[in-house]
Structures are given as C-alpha cells and as structure tokens.
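S.K.: The structure's right below; bear with me while I get my questions together.
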Amino acid sequence: MIEELHAGEVLGHLPLIPAGGRDPDGGPVAPPAGVRCGHPLVYPIAAGDLPGPLAARADATGCRYLGMLLAFDLDPLPAGARYTAARFDVTLTGPGARAVRLDDGDSLGVTFEGDAASAIAAQTVWAARARPGWLRRLTGRAGAPRAWATGAQSASFGWVFDDPAGELLVPRNVGMHALLEVPAGSTEINGLITVRAEIATGRGRRSAEVAEAVAFTEPISAPGKPSEPAGAVGEQPEPAGASVRLCMAADVAGYSRRRNDETERIQERLVELLAVARRAAGIGEEQVSPQPQGDGQFTVLPAGLDESVVIPRLLTGLSAALHDVNAVAEPADRIRLRVALHRGLVKEGRNGWIGTAPIAVHRILDSPPLRHALAEHTTAGYVLGVPDLLYRDVLVHGDGPPAPAELVAMTVDLPDKDFHERCWFYVAPEPAR
C-alpha cells in the first residue's frame, strides 16, 4: 500500500482542467479531479558514486550532480471513470541545469523494501529517510504500465504512463528520480511542473491538465551518506544481493528448421562467438554464468560496468565473431541472431535471476518488430533491440556501434504479457569481406 502525500510534503493541489472546458452538450465541465504535487527532494551525489563518464566530467568541468525525487498523487475518480494516461513534466529554470538520467526504482537500484542496490540508490535512500513512503513509489506494480521518460540530457524532461490498449491501470501515486547536472556553487534548484492526464468515462476519453505550471524553489540538502571506501582502481567487488546490471539475451534465427547435426554445430558456435564478444568488451568467462537455452543464451553481465565503453566493444566483438564463424560455415550452418540488452535491478535466485530486466530483455528479444527487422534485412548478421532507457542514457551520446542515427524507434506492445515499452532496434551491417 502506497501512502498519499502528507500535508507538509505537498507543493500544490491543483485541479485538472478538461481540454476545451465544455462537455459534448456544450455545457461547462467541472474539473473531474486534481493532482497533488510534492515538494521535490534535492540532494547531492558524491563524485565517487557517479558512473565513470559523469565522474570524469565532474572532474574536468567542476560541475555538481544532484539527485531529485519527485512525487505526485492523482485524485481518486468517481465510479466508472479511470485514468488511461498521465504525463508529468519538469522544466528547470536555473542557468546550466539539466537532467542527465531519468530512472524508476528498477533502473536506479531501489528495491520494493526500500533497500539500495547501487551507489546512487544508497544516497537516495539516505536522503529520503524523512520521506520513506516516497521510495516505494519508484517501484513497479503489477498490472500498471511502466513509465517511459522524455527529455534526458536537457532542462525539460518528464515521464509518461500510457497504455494504448486500455488494459492496464495507470497508477495514481507515482514517484520518479532524476539525476541533475548543475554548475558548481549551486545552492538551490528552480523549476516548473506541469501535469496532464487522460480520463476515460462512459462517454469516452478526455484530456485534462493543470491550468498553470507549478513553480518550485528547493534547497539542496546537506551532504548525503558518506561513500564506502573505494578499492583499487578498476576493482569492482561483486555485490552479494540485488544490484543494477546489464542483461543480454541472444537467439539464433531459423534454429527449429535445422537437422539435429546442424543444431549441434550451431550451439557450439553460438557459445563460442558470444564468449568472444564478451572478451572483446573486457568481460572474462569467470565473471559470468551464461544460461544456455538451446537456440539462445541469456547472460547477466557483471555489476559496475561502464556501459558507454562495454556496449560498443561488445557489439564490435559480436560482429567480428559472427563474420569469422559464417565465413567458413556451410550455407545451412550460417548463424543470424536476434540480440537484446536491458538494464535493471536483478538478484540471483535458486532457479535463475529475479527481476524485471531478465523478463524485459526476453520480451524485446522475441518481439514482432525485432523478428520483422531480421527477416527484412537478409544479409544482416544480427539485429539488436534495446529499451529507451539504454538509448537515452548511453547510446544516443556515443559514436557507436550503434551510432545514434542507426537506431530505429519501435514499440514492443504485448498485452497478453502485460508488457508495453518504447524501444529501439539496430540492424548490424554485413561486415566487409
């Protein structure tokens, strides 16, 4: 059960004004509901807790990084009405301020119990100890769509809950986390909040929004929880419990049409070429425990990776390994792959990995858009699918592979699996012979 915002936590309680302001008969429409916006909680993130590229940027430019927790309560609706979409937007108005990462609890590393599974999550848990109910808002809920984020790397950003099929329930009590970059010497964060919602009733769906943006000015709280002493450079101790990790899944196209002797050879080559790709990314076999799946493989990669370095090296290694394998293979043995990556909070259980990311990476891997992409590009060695969070956090800022311009937007919508996520795919070009 998620608690409603307490009175002292509320920045403003505003009505949601229906678009047009008139009902189908021409009469004025009373606001069907409102929204409570919580005071944003802003706190510093120690340089030692930042991902490698941000830590390097902080050292080079002197900028600061801050965590920001936001919370919202949509009002209960009358019987027969429900929210079918909601959008929460923030615009930072201070000079030089921008959001560099946008997370829910899964990608941040906050568990449903409020425990931390990453360095930034530990700072967040510490900062939110006066508002403990806010942490649970970050976690996913069964039967609810996962928020997708917009505007990373800019001063205007937000989160959207949307279920086009109308089969999932948009949550009323939501929370989000942003990692902000601000100039050195900043002591407060200023900005504007807007909220829009879509409400379904027996008479159809209507959009509604707050009449004016809610302004906020929030001080940066005292320094957070001290970081744990760092080990040697490059030393990444493996966490015993849950941690935020990159997950990789791969599947061989056309496997079921092959004879037994052919599938045996393909399995052997698949295991080897994926190991080669990991080694190219600096990941040794002693660091992973790949799960064989006959025509595929699933691997949770080590914690603490610099994804901006690892992903391009992994894909470069995969392309080279596929080319080497297929160059000497008979046509019947040629391997073509669907590959997917996802990041999230995972924990090793007695019968496999527990978490949203291991499930989501297979949803993307098996999705119709990714299958269609491989079928359309008959000379490609593989196609890659990634969630929007990896695209905006990592891939859009790099040189590749894949280059940002080579990624194509897709939506993975699987109503029977309660899965709806904005994603991107990349078609690997055929290597030069």
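In the numbering used here, the protein residues as written are 4 to 436. For glycine and all other residues, C-beta sits at the position ideal for the given N, C-alpha and C.
Buried or exposed: where does residue 390 fall if 16 or more other Cβ atoms within 10 Å of its Cβ makes it buried?
M.R.: The sequence position of residue 390 within the sequence shown is 387, counting from 1. Classification of residue 390: buried, given that the 10 Å Cβ count is 16 or more.
S.K.: Say whether the region 142 to 159 touches the region 279 to 293, bearing in mind that this needs 3 or more beta-carbon pairs closer than 8 Å, one atom from each stretch.
M.R.: With the cut-off at 8 Å, the region 142 to 159 and the region 279 to 293 do not touch.
S.K.: Which of the three DSSP states, helix, strand or coil, is assigned to residue 20?
M.R.: By one-based count along the sequence shown, residue 20 stands at place 17. Correct three-state label for residue 20: strand.
S.K.: For residue 176, count the other beta carbons within 10 Å of its own beta carbon; 16 or more makes it buried, fewer makes it exposed. Which is it?
M.R.: Here residue 176 corresponds to residue number 173 of the sequence shown, with the count starting at 1. Buried is the label assigned to residue 176, since at least 16 other Cβ atoms lie within 10 Å of its Cβ.
S.K.: Straight-line CA distance for residue 165 to residue 198?
M.R.: In the sequence shown, residue 165 corresponds to position 162, counting from 1. In the sequence shown, residue 198 corresponds to position 195, counting from 1. Spanning the alpha carbons of residue 165 and residue 198 requires a straight line of approximately 14 Å.
S.K.: Compute the beta-carbon to beta-carbon distance between residue 173 and residue 148, rounded to the nearest angstrom, for a pair I have assumed lies under 8 Å.
M.R.: In the sequence shown, the residue the question calls residue 173 occupies position 170. In the sequence shown, the residue the question calls residue 148 occupies position 145. Yes, residue 173 and residue 148 are in contact; Cβ-Cβ is about 7 Å, under 8 Å.
S.K.: What's the C-alpha gap between residue 430 and residue 376?
M.R.: The residue you call residue 430 lines up with position 427 of the sequence shown. The residue you call residue 376 lines up with position 373 of the sequence shown. The alpha-carbon atoms of residue 430 and residue 376 are separated by roughly 7 Å.
S.K.: Mind checking who residue 302 pairs with in its DSSP beta bridge?
M.R.: Start at 1 with the first residue of the sequence shown, and residue 302 comes out as number 299. In the DSSP assignment, residue 302 forms a beta bridge with 251.
S.K.: Under 6 Å Cβ to Cβ from residue 127, same chain only, skipping five residues before and after it: list those, please.
M.R.: The sequence position of residue 127 within the sequence shown is 124, counting from 1. A distance below 6 Å between beta-carbons, with the five flanking residues on each side excluded, links residue 127 to the following residues of its chain, in chain order: 70.
S.K.: Whose CA, out of 134, 36, 184, lies closest to the CA of residue 10?
M.R.: The count along the sequence shown starts at 1 and reaches residue 10 at position 7. The candidate whose alpha carbon is nearest that of residue 10 is 134.
S.K.: Compute the Euclidean distance between the alpha carbons of residue 54 and residue 385, then round it to the nearest angstrom.
M.R.: By one-based count along the sequence shown, residue 54 stands at place 51. By one-based count along the sequence shown, residue 385 stands at place 382. C-alpha separation (whole angstroms): 29 Å.
S.K.: How would you label residue 208, buried or exposed, when you count the other beta carbons within 10 angstroms and need 16 or more for buried?
M.R.: To locate residue 208, count along the sequence shown from 1; it is residue 205. Classification of residue 208: exposed, given that the 10 Å Cβ count is below 16.
S.K.: Would you list the residues sitting across from residue 199 in a DSSP beta bridge?
M.R.: Here residue 199 refers to the residue found at position 196 when the sequence shown is read from its first residue. For residue 199, DSSP records a beta bridge to 90, 212.
S.K.: Going by DSSP in three states, residue 290 sits in which element: helix, strand or coil?
M.R.: In the sequence shown, residue 290 corresponds to position 287, counting from 1. Helix, per DSSP.
S.K.: Within the same chain, show all residues whose beta-carbon is closer than 7 Å to that of residue 14, passing over the 5 residues directly before and after it, in chain order.
M.R.: As a first step, residue 14 must be located in the sequence shown, where it is residue number 11. Contacts found: 40, 41, 42, 217, 219.
S.K.: Checking 8 Å against the spacing of the C-beta atoms, do residue 143 and residue 359 come in under that value?
M.R.: The residue given as residue 143 occupies position 140 in the sequence shown. The residue given as residue 359 occupies position 356 in the sequence shown. Yes, the Cβ-Cβ distance between residue 143 and residue 359 is below 8 Å.
S.K.: Give me whichever residues DSSP pairs with residue 429 in a beta bridge.
M.R.: Numbered from 1 along the sequence shown, position 426 holds the residue referred to as residue 429. Beta-bridge pairing links residue 429 to 387, 410.
S.K.: Report yes if the C-beta distance between residue 428 and residue 372 is below 8 Å; otherwise report no.
M.R.: Here the question's residue 428 lines up with position 425 in the sequence shown. Here the question's residue 372 lines up with position 369 in the sequence shown. Their beta carbons are under 8 Å apart, which means residue 428 touches residue 372 by this criterion.
S.K.: Of the residues 104, 7, 74, which one's Cα is nearest the Cα of residue 394?
M.R.: Position 391 of the sequence shown holds residue 394. If we check each option's Cα against that of residue 394, 104 comes out closest.
S.K.: What span of residues does the alpha helix (DSSP H) with residue 311 cover, start to end?
M.R.: Here residue 311 refers to the residue found at position 308 when the sequence shown is read from its first residue. From DSSP, the alpha helix (DSSP H) with residue 311 extends over 310 to 330.
S.K.: What residue from 151, 136, 12, 121 has the CA that sits closest to residue 244's CA?
M.R.: As a working note, residue 244 is residue 241 in the sequence shown. The residue with the shortest Cα to Cα distance from residue 244 is 121.
S.K.: Would you check if there are 3 or more beta carbon pairs closer than 8 Å linking the region 336 to 346 to the region 267 to 277?
M.R.: yes
S.K.: With DSSP run on the structure shown, which of helix, strand or coil describes residue 348?
M.R.: As a first step, residue 348 is located in the sequence shown; it is residue number 345 there, counting from the start. Strand.
S.K.: Select from 224, 425, 102, 252 the residue whose C-alpha is nearest the C-alpha of residue 413.
M.R.: As a working mapping, residue 413 is identified with position 410 in the sequence shown. The residue with the shortest Cα to Cα distance from residue 413 is 425.
S.K.: Apart from the five residues just before and just after residue 81, which ones in its own chain have a Cβ nearer than 6 Å to its Cβ?
M.R.: Position 78 of the sequence shown, counted from the start, is the residue given in the question as residue 81. Excluding residues within five positions, none has a Cβ falling inside 6 Å.
S.K.: Could you give the residue range of the beta strand (DSSP E) that holds residue 142?
M.R.: Counted from its first residue, the sequence shown places residue 142 at position 139. Where residue 142 is concerned, there is no enclosing beta strand (DSSP E), given that its DSSP letter is neither H nor E.
S.K.: Name, in chain order, the residues that DSSP records as bridge partners for residue 246.
M.R.: As a working note, residue 246 is residue 243 in the sequence shown. When DSSP reads this structure, residue 246 sits in a beta bridge with 349.
S.K.: Quick one: give me the first and last residue of the beta strand (DSSP E) that residue 377 is part of.
M.R.: In the sequence shown, residue 377 corresponds to position 374, counting from 1. Taken as a continuous stretch (DSSP letters only), residue 377 belongs to no beta strand (DSSP E), being part of the alpha helix (DSSP H) at 371 to 379.
S.K.: Work out the CA separation of residue 361 and residue 140 for me, nearest whole Å.
M.R.: Locating residue 140 in the sequence shown gives position 137, where the first residue counts as 1. Locating residue 361 in the sequence shown gives position 358, where the first residue counts as 1. Their backbone Cα atoms lie some 22 Å apart in a straight line.
S.K.: When the Cα atoms are used, what is the spatial distance from residue 334 to residue 326?
M.R.: In the sequence shown, residue 334 corresponds to position 331, counting from 1. In the sequence shown, residue 326 corresponds to position 323, counting from 1. The alpha-carbon atoms of residue 334 and residue 326 are separated by roughly 13 Å.
S.K.: Give a yes or no on contact between the region 287 to 299 and the region 396 to 406, applying the rule of three or more CB pairs nearer than 8 Å.
M.R.: no
S.K.: If you follow the beta strand (DSSP E) that residue 180 is in, where does it begin and where does it stop?
M.R.: Locating residue 180 in the sequence shown gives position 177, where the first residue counts as 1. Residues 176 to 185.
S.K.: Please identify the residue among 138, 78, 179 whose C-alpha is closest to the C-alpha of residue 92.
M.R.: Position 89 of the sequence shown, counted from the first residue, corresponds to residue 92. Measuring from the Cα of residue 92, the nearest candidate turns out to be 179.
S.K.: Does the beta-carbon distance from residue 57 to residue 68 come in below 8 Å?
M.R.: Position 54 of the sequence shown, counting from 1, holds the residue named residue 57. Position 65 of the sequence shown, counting from 1, holds the residue named residue 68. Cβ distance < 8 Å, so residue 57 and residue 68 count as in contact.
S.K.: Between residue 152 and the rest of its own chain, which residues show a CB-CB distance below 6 Å, the 5 nearest in sequence each way excluded?
M.R.: Numbered from its first residue, the sequence shown carries residue 152 at position 149. Contacts found: 105, 162.
S.K.: Identify, in the order they occur along the chain, each residue of the same chain with its Cβ nearer than 7 Å to the Cβ of residue 99, setting aside the five sequence neighbours on each side.
M.R.: Reading the sequence shown from its first residue, position 96 is the one you call residue 99. Only 185, 186 meet the Cβ criterion.
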